[in-house]
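There are 2 protein chains.
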Amino acid sequence: MADTLTGRRRSVLQETRCQTCSLSSLCLPLALEVDDMDQFDAIIRRRAPLKKGEALFRQDTPFSSVFAVRSGSLKQVTTEGSGEDQLTNFYLPSELVGLDGIDEQRYPGTVVALETTTVCEIPFDRLDHLAESMPELRGQLYRSMSKELRDDRRMMRLLSRKTADQRLASFFTSLSERFRRRGYSPYSFRLSMARADIGNYLGLAVETVSRILGRFQTQGLVAVSGREVNILDLPALTRLAEEEGAH
Amino acid sequence: MADTLTGRRRSVLQETRCQTCSLSSLCLPLALEVDDMDQFDAIIRRRAPLKKGEALFRQDTPFSSVFAVRSGSLKQVTTEGSGEDQLTNFYLPSELVGLDGIDEQRYPGTVVALETTTVCEIPFDRLDHLAESMPELRGQLYRSMSKELRDDRRMMRLLSRKTADQRLASFFTSLSERFRRRGYSPYSFRLSMARADIGNYLGLAVETVSRILGRFQTQGLVAVSGREVNILDLPALTRLAEEEGAH
DNA sequence: TTTCCTTCTTGATCGTGGTCATGGCCCCAT
DNA sequence: ATGGGGCCATGACCACGATCAAGAAGGAAA
Numbered sequence: 001m002a003d004t005l006t007g008r009r010r011s012v013l014q015e016t017r018c019q020t021c022s023l024s025s026l027c028l029p030l031a032l033e034v035d036d037m038d039q040f041d042a043i044i045r046r047r048a049p050l051k052k053g054e055a056l057f058r059q060d061t062p063f064s065s066v067f068a069v070r071s072g073s074l075k076q077v078t079t080e081g082s083g084e085d086q087l088t089n090f091y092l093p094s095e096l097v098g099l100d101g102i103d104e105q106r107y108p109g110t111v112v113a114l115e116t117t118t119v120c121e122i123p124f125d126r127l128d129h130l131a132e133s134m135p136e137l138r139g140q141l142y143r144s145m146s147k148e149l150r151d152d153r154r155m156m157r158l159l160s161r162k163t164a165d166q167r168l169a170s171f172f173t174s175l176s177e178r179f180r181r182r183g184y185s186p187y188s189f190r191l192s193m194a195r196a197d198i199g200n201y202l203g204l205a206v207e208t209v210s211r212i213l214g215r216f217q218t219q220g221l222v223a224v225s226g227r228e229v230n231i232l233d234l235p236a237l238t239r240l241a242e243e244e245g246a247h
Numbered sequence: 248m249a250d251t252l253t254g255r256r257r258s259v260l261q262e263t264r265c266q267t268c269s270l271s272s273l274c275l276p277l278a279l280e281v282d283d284m285d286q287f288d289a290i291i292r293r294r295a296p297l298k299k300g301e302a303l304f305r306q307d308t309p310f311s312s313v314f315a316v317r318s319g320s321l322k323q324v325t326t327e328g329s330g331e332d333q334l335t336n337f338y339l340p341s342e343l344v345g346l347d348g349i350d351e352q353r354y355p356g357t358v359v360a361l362e363t364t365t366v367c368e369i370p371f372d373r374l375d376h377l378a379e380s381m382p383e384l385r386g387q388l389y390r391s392m393s394k395e396l397r398d399d400r401r402m403m404r405l406l407s408r409k410t411a412d413q414r415l416a417s418f419f420t421s422l423s424e425r426f427r428r429r430g431y432s433p434y435s436f437r438l439s440m441a442r443a444d445i446g447n448y449l450g451l452a453v454e455t456v457s458r459i460l461g462r463f464q465t466q467g468l469v470a471v472s473g474r475e476v477n478i479l480d481l482p483a484l485t486r487l488a489e490e491e492g493a494h
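Just so you know, the protein sequences line up as chains B and Y, in that order. Position 162 of the first sequence, counted from 1, bears residue number 162 in the working numbering, the numbering being contiguous throughout. In the working numbering, each residue's number is its place in the second sequence (first place is 1) plus 247.
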């Protein structure tokens, strides 16, 4: 009894329930009724915040859970054979991490916090069990995976058809849009990742990222100071990002 | 009654039941018991074969079904804004087409047959309904999507880190492996796609594809004649495909 | 503070692969 | 058989972005 009370008090203090979470309109349980959300809530495991640089999980370790980002941000990095790392994704609050591990029951990449980050752990077998009786949850799970597929295709287009300038422009407009949807300013934000991460993600050398950032600055598209970004001309940036091909 | 008989006779003649399908060990219902497979079978819609160049569905049309390839092959092409097309995938028998349309309820690309091709249409709402009571089917659906996510990540790595030679080598080894899994020769096969398709898919100009194919030939890695391919040194090709970076 | 190390910027040079241009080939229709 | 058109191969040239190199700025710990 004492335990239960302590448990409840702690969870309220940490605002760890889905119903009070500010991300609930974007996150997995978005379509659930109150009762269902309570059930969903009950399978979530809270975790101590990850410090910058800490790994949420490592490549090739057994898959057991997916994770919803609650605050902070992460990057997913895959190492293959003798080759160097490939950064395949950045994750922001409300996004689901680990879905690509279901198939082989191992995580295909290491996921690392870019800053202090908290996540909700969702054991996959229990999630699937709930999904059996909650069509809305099932639908939301399909949609999350489907959306990630679409985003991947967009990334392939970027990598195979866009110039370096267009890649950077796409990167900024995409980030801007993601911040907007989460209620933050779409014009002013702080990058949690290093230039090297951006380059790796976009298929560019760090030097190229630096150079183009400089050029964007002189063109009055953005104002960058370290990791602080101000988008000055979003329409122009969007145009640049969307016009494809070499010229 | 007459209708039922006719229906049953037709389906037997066309070998259109999952239980008699040679792909059943690779396809969606792979984990199902006999009874479940019959239920699954009942929601499948058979389709007249697509002729070369015909579209299975077009970009931005409403999503309603996913499709399992029964024979032949297809390509998925996305057109965006003013830009040119981007070929995002080739589909071979047993593979599932259309999963990236769930999220927005519209197909994000046009899918076109590369040769005479037959598919099984699986209405998604009925599939989901079945999945509710068949955990194995649900699992297989997750796995299909998860696998596609992993393949996409591999493609991103190819596009952002590999040289033209390594891309072509990867393309051949991947095709070879896919044929092998389907019971065909991994060494000798016919490409159903044009050079231009390969180039578009791999992020290379057609001319580059031609040139490198020529080089592979003189290096004794493959023998290519038109669309007929003979892989002569698979180990070397695999090594080339896997060693990443510029050198 | 000072130090040390990581991160970022800027410059110079070079190479891969894109672009443009031409010609051959294969397949199909008439 | 004879064009015609898509598909493919090869050559010449050039540009984008990688690589190499050096130095400046930022940030954490003593």
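Heads up, the beta-carbon is just placed ideally off N, CA and C, and yes, glycines get one too. Computed from a predicted structure; not experimentally measured.
Which residues in the same chain have their Cβ closer than 8 Å to the Cβ of residue i, if we skip the five residues on either side of it in sequence?
i      : result
R428/Y : L273
V97/B  : L56, V66, F67, A68, V69, L74, Q76, Y91, V111 and V119
I478/Y : F419, S423, P433, Y434, S435, L468, V469 and L484
A452/Y : G446
Going by C-alpha to C-alpha distance, which of the options sits closest to residue i?
i      : options                           : result
R138/B : K394/Y, F371/Y, L396/Y and E331/Y : F371/Y
Q466/Y : L451/Y, L484/Y and V456/Y         : L484/Y
F249/B : P29/B, G109/B, C120/B and V209/B  : There is no way to answer for residue 249/B, as the model of chain B reaches only from 1 to 247.
L127/B : E115/B, Q140/B, T118/B and T116/B : Q140/B
T325/Y : Y184/B, M134/B, D151/B and L56/B  : D151/B
R425/Y : Y338/Y, A302/Y, F304/Y and V281/Y : Y338/Y
M145/B : D350/Y, H376/Y, E379/Y and M402/Y : D350/Y
A278/Y : R294/Y, L297/Y, D480/Y and A378/Y : A378/Y
E80/B  : R400/Y, Y431/Y and F463/Y         : R400/Y
P268/B : A205/B, G214/B and Y142/B         : Chain B is shown only over 1 to 247; residue 268/B falls outside these bounds and no answer can be derived.
P135/B : Y184/B, C18/B and M37/B           : M37/B
E331/Y : Y448/Y, V476/Y and R462/Y         : Y448/Y
H129/B : K147/B, F40/B and D233/B          : F40/B
Please list, in chain order, the chain B residues whose beta carbon lies closer than 7 Å to that of residue i.
i      : result
K394/Y : D103
Would you mind giving the Cβ-Cβ distance between residue i and residue j, rounded to the nearest angstrom? I have them listed as a contact below 8 Å.
i      : j      : result
L346/Y : L149/B : 6 Å
R292/Y : E368/Y : 4 Å
G319/Y : T363/Y : 6 Å
M403/Y : T88/B  : 6 Å
S341/Y : L270/Y : 4 Å
If you count every other CB in all the chains shown that lies within 10 Å of the CB of residue i, and 16 or more means buried, which is it?
i      : result
R408/Y : buried
Q333/Y : buried
D282/Y : exposed
T267/Y : exposed
P482/Y : exposed
R58/B  : exposed
S133/B : exposed
A289/Y : exposed
G101/B : buried
V12/B  : Confidence in V12/B is poor, its pLDDT being 43 and thus under 50, which makes the residue's placement unreliable; the coordinate value appears in the next sentence. It is exposed - the Cβ of V12/B has fewer than 16 other Cβ atoms within 10 Å.
M248/Y : Note that M248/Y scores 42 on pLDDT, short of 50, meaning its location in the model is unreliable and no value can be drawn from it.
Taking Cβ-Cβ distances shorter than 8 Å, what residues in chain B pair up with residue i?
i      : result
T510/Y : Limits of chain Y in this structure are 248 at one end and 494 at the other, which puts residue 510/Y out of reach.
R397/Y : D100, D103, E104 and P108
D375/Y : P135, R138, G139 and Y142
Given that residue i touches chain Y, what residues does it touch there, using C-beta distances under 7 Å?
i      : result
T173/B : Correct list: empty, because the minimum Cβ distance to chain Y is about 13 Å.
Y142/B : I349
Under 7 Å Cβ to Cβ from residue i, same chain only, skipping five residues before and after it: list those, please.
i      : result
S472/Y : none
Q241/B : Looking at the sequence shown, residue 241/B is not Gln but Ala. Closer than 7 Å at the Cβ level, and outside the excluded window around A241/B, lie Q166, A169, S170 and T173.
I528/Y : There is simply no residue 528/Y to check, as chain Y begins at 248 and stops at 494 in what is shown.
Q217/B : A223 and V224
D480/Y : G467 and L468
CB-CB under 6 Å to residue i, same chain, minus the five flanking residues each way: which ones, in chain order?
i      : result
D60/B  : R106
G203/B : L159
R227/B : R190 and L191
S243/B : Correcting the residue type first, residue 243/B is Glu in the shown sequence and not Ser. Nothing listed; no residue qualifies.
M440/Y : L361
E54/B  : A113
V209/B : R195, I198 and G199
R215/B : none
Taking 6 Å as the cut-off, does the CB of residue i come closer than this to any heavy atom belonging to the ligand GTP?
i      : result
V476/Y : By its list of ligands, the structure shown contains no ligand whatsoever, and the ligand GTP lies outside what it can speak to.
Kindly list, in the order they appear in chain Y, the residues whose Cβ is closer than 8 Å to that of residue i.
i      : result
T110/B : Simply none; closest approach about 13 Å.
R161/B : G330, E331, Q333 and G450
Show which residues of chain Y have a CB atom less than 9 Å away from the CB atom of residue i.
i      : result
E132/B : A378, E379, S380, P382 and R385
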